[in-house]
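Trainee: For the sequence shown, the working numbering gives the first residue as 3, with consecutive numbering after it.
Backbone N, C-alpha and C define an ideal beta-carbon position, used for all residues, glycine too.
Since the structure is predicted, the reported quantities are computational estimates derived from the model, not experimental observations.
Please see the structure below; I have some questions.
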Amino acid sequence: METKVILDCLGGDNGVMATLPAAMSALDSDKALKLVLVGDEQKIRDYKNMGEFINSGRVEVIHTTVNIEMNEHPAQAIRTKPDSSIVKGVEALKSREDCSAMVSAGSTGALLTGGFMKLGRIAGVSRPALCASLPTIDRKGVMVLDLGANMDCKPINLLHFAVMADIYAREKGLEKPRVGLLSVGAEDEKGNELTLETFKLLKESGLNFVGNIEARDVVMGKCDIVVADGFVGNVLLKTLEGTAKLFSKELKSALKGSVVGKILVAPRLLKMKKRLGEDAKGGAIFLGVKKPLLKAHGNSGPSAIATAILQASKMGAMSLSEKIGSAIAKCQVTE
Numbered sequence: 003m004e005t006k007v008i009l010d011c012l013g014g015d016n017g018v019m020a021t022l023p024a025a026m027s028a029l030d031s032d033k034a035l036k037l038v039l040v041g042d043e044q045k046i047r048d049y050k051n052m053g054e055f056i057n058s059g060r061v062e063v064i065h066t067t068v069n070i071e072m073n074e075h076p077a078q079a080i081r082t083k084p085d086s087s088i089v090k091g092v093e094a095l096k097s098r099e100d101c102s103a104m105v106s107a108g109s110t111g112a113l114l115t116g117g118f119m120k121l122g123r124i125a126g127v128s129r130p131a132l133c134a135s136l137p138t139i140d141r142k143g144v145m146v147l148d149l150g151a152n153m154d155c156k157p158i159n160l161l162h163f164a165v166m167a168d169i170y171a172r173e174k175g176l177e178k179p180r181v182g183l184l185s186v187g188a189e190d191e192k193g194n195e196l197t198l199e200t201f202k203l204l205k206e207s208g209l210n211f212v213g214n215i216e217a218r219d220v221v222m223g224k225c226d227i228v229v230a231d232g233f234v235g236n237v238l239l240k241t242l243e244g245t246a247k248l249f250s251k252e253l254k255s256a257l258k259g260s261v262v263g264k265i266l267v268a269p270r271l272l273k274m275k276k277r278l279g280e281d282a283k284g285g286a287i288f289l290g291v292k293k294p295l296l297k298a299h300g301n302s303g304p305s306a307i308a309t310a311i312l313q314a315s316k317m318g319a320m321s322l323s324e325k326i327g328s329a330i331a332k333c334q335v336t337e
């Protein structure tokens, strides 16, 4: 059966200015792609030749003009805004067999809360986790989770994060993904109570566990999956983002007024910036819920959201829920 990807057209900093061009781009890139767009029907129909895609059956519209804003309390917004684009999208994803995944650049908290409340966890999964691929020096990328869905975790949660990411990585083509545990030192005995207990579980898990990894080595290509609790993972992500901005600003300042720099260095830096941007594009997947939810960055432009849509389409065909459920069931550790 052909399946569709649901796109929240109202969420994110740029709303329809980003989501509608993204939808068109994704439809043009994948001729077999079908979308369900959740947003203002009139604006969607009026956008360029979107009407042709609607008439051909490749695009369906679920009408709403209600958006959950970034500053709203997630659980309260899910309860009090049943007509919002996130709630309508998640409910369609849950109830319809012809919908396989959903993409939103809207409120992270609302999307994750909606996914948890409406879709529910895969059987056996202790906690769903937010997972994204970050660029690495070897250009292969590294999956990092959890990036903020779970602030306080138990060792069993981190074990399940690793199992879920291992399945996802294998579905993406990695035969034996290397799993690392984010800690304050590479030595086995380094860490706090959480990481020390998690280390033991991962070592006995049957996964390709390569031990502890320090934050400075996350982007060095030493492993394919990095596991952490949501607090530490989110701090890591924000630190990398801030460091990249600082580096970019300092380079611009250093090259300012330098003819040699502008001619010889600047083009290479722009090329590097573009490559890193391409590596980081797309969405973070909420692993552990019954159907894939992808969260695009709030300030994503059309290109990044289009990439997330195409990513979601591929994920919808992976049968991740069944495979994750089977792998979790084999874990002998209980919460």
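Once DSSP output is grouped into helix, strand and coil, what is the label at Gly91?
Mentor: Correct three-state label for Gly91: helix.
Trainee: Secondary structure at Glu177, three-state DSSP: helix, strand or coil?
Mentor: Coil at Glu177, not helix or strand.
Trainee: Which residues share a DSSP beta bridge with Asp10?
Mentor: In DSSP, Asp10 forms a bridge with Val40.
Trainee: Can you tell me whether Ser328 is buried or exposed, with buried defined as 16 or more other CB within 10 angstroms of its CB?
Mentor: It counts as exposed.
Trainee: Got a sec? Which residues, its chain only, sit under 7 Å from Gly318 by beta carbon, not counting five neighbours each side?
Mentor: Hits under 7 Å: Thr5, Val7, Ser102, Ala103, Pro294.
Trainee: Distance check for Val291 and Ser97, CA to CA, integer angstroms please.
Mentor: Rounded to whole angstroms, Ser97 to Val291 spans 14 Å at the Cα level.
Trainee: How would you label Glu280, buried or exposed, when you count the other beta carbons within 10 angstroms and need 16 or more for buried?
Mentor: Because Glu280 carries a pLDDT of 45, less than 50, the predicted location of this residue cannot be relied on, and no value is offered for it.
Trainee: How is His75 classed by DSSP in three states: helix, strand or coil?
Mentor: Three-state DSSP puts His75 in coil, outside helix and strand.
Trainee: Going by alpha carbons, who is nearest to Asn210 out of Leu183, Ile70, Gly232, Leu113?
Mentor: It is Leu183.
Trainee: Three or more C-beta pairs under 8 Å: does that hold for the stretch 202–221 against the stretch 172–182?
Mentor: Output reads yes: the stretch 172–182 touches the stretch 202–221.
Trainee: Give the straight-line distance between the Cα atoms of Leu39 and Ile46, rounded to the nearest whole angstrom.
Mentor: Distance between the alpha carbons of Leu39 and Ile46: 8 Å.
Trainee: I'd like to check one pair, Ala310 with Leu296: are the Cβ atoms closer than 8 Å?
Mentor: Result yes, Cβ atoms of Leu296 and Ala310 sit closer than 8 Å.
Trainee: Taking all protein chains shown into account, decide if Arg81 is buried (16 or more other Cβ within 10 angstroms of its Cβ) or exposed.
Mentor: Label assigned to Arg81: exposed.
Trainee: Between the alpha carbons of Leu278 and Pro137, how many angstroms are there, rounded?
Mentor: Note that Leu278 scores 48 on pLDDT, short of 50, meaning its location in the model is unreliable and no value can be drawn from it.
Trainee: Is it true that the CB of Gly193 sits closer than 8 Å to the CB of Asn159?
Mentor: Not in contact: Asn159 and Gly193 (Cβ atoms no closer than 8 Å).
Trainee: How should Leu196 be labelled, buried or exposed, when 16 other C-beta atoms within 10 angstroms of its C-beta is the threshold for buried?
Mentor: So Leu196 ends up on the buried side.
Trainee: Taking its Cβ as the centre, do 16 or more other Cβ atoms sit within 10 Å of Phe118, making it buried, or is it exposed?
Mentor: Flag for Phe118 reads buried.
Trainee: Which whole-angstrom value describes the C-beta separation of Leu114 and Leu95, a residue pair presumed to lie in contact below a C-beta threshold of 8 Å?
Mentor: The pair is not a contact, with the Cβ atoms about 14 Å apart (cut-off 8 Å).
Trainee: Going by Cα to Cα distance, which pick from Asn51, Val221, Phe55 is closest to Gly143?
Mentor: Taking only the C-alpha atoms, the option nearest Gly143 is Val221.
Trainee: Report buried or exposed for Val186, applying the criterion of at least 16 other Cβ atoms within 10 angstroms of its Cβ.
Mentor: Result: exposed.
Trainee: Should Asn152 go down as buried or exposed, given a rule of 16 or more other Cβ atoms within 10 Å for buried?
Mentor: Classification of Asn152: buried, given that the 10 Å Cβ count is 16 or more.
Trainee: State buried or exposed for Lys332, treating a residue as buried only when at least 16 other CB atoms are found within 10 Å of its CB.
Mentor: With fewer than 16 Cβ atoms within 10 Å of its Cβ, Lys332 is classed as exposed.
Trainee: Which runs of the alpha helix (DSSP H), 4 residues or longer, sit entirely within the stretch 208–242?
Mentor: If we require 4 residues or more, the stretch 208–242 turns out to have no alpha helix (DSSP H) run fully inside it.
Trainee: Answer with buried or exposed for Asp226, where buried requires no fewer than 16 other C-beta atoms within 10 angstroms of its C-beta.
Mentor: By the neighbour-count rule (16 or more Cβ atoms within 10 Å), Asp226 is buried.
Trainee: Could you name each continuous beta strand (DSSP E) segment of 3 residues or more that falls completely within the stretch 113–161, going from the start of the chain to the end?
Mentor: Here the runs fully enclosed are 131–136, 144–147.
Trainee: Which value, in whole angstroms, describes the spacing of the CA atoms of Leu24 and Glu324?
Mentor: Reading the sequence as shown, one finds Ala at residue 24 and not Leu. If you take the alpha carbons of Ala24 and Glu324, they lie about 30 Å apart.
Trainee: Mind checking whether Ser87 and Asp10 have CB atoms under 8 Å apart?
Mentor: Yes, these two residues count as a Cβ contact at 8 Å.
Trainee: In the structure shown, what three-state DSSP assignment does Gly182 receive?
Mentor: Gly182: strand per DSSP, three-state reduction.
Trainee: Thinking just about the alpha-carbon of each residue, which of Leu12, Leu35, Met19 is nearest to the one in Gln313?
Mentor: Here the closest residue by C-alpha is Leu35.
Trainee: Val1 and Leu147 look like a contact to me (Cβ under 8 Å); what is the Cβ gap, rounded to whole Å?
Mentor: With the chain running from 3 to 337 in the structure shown, residue 1 is simply not present.
Trainee: On the DSSP letters alone, give me the boundaries of the alpha helix (DSSP H) that Gly318 sits inside.
Mentor: That run of the alpha helix (DSSP H) goes 304–318.
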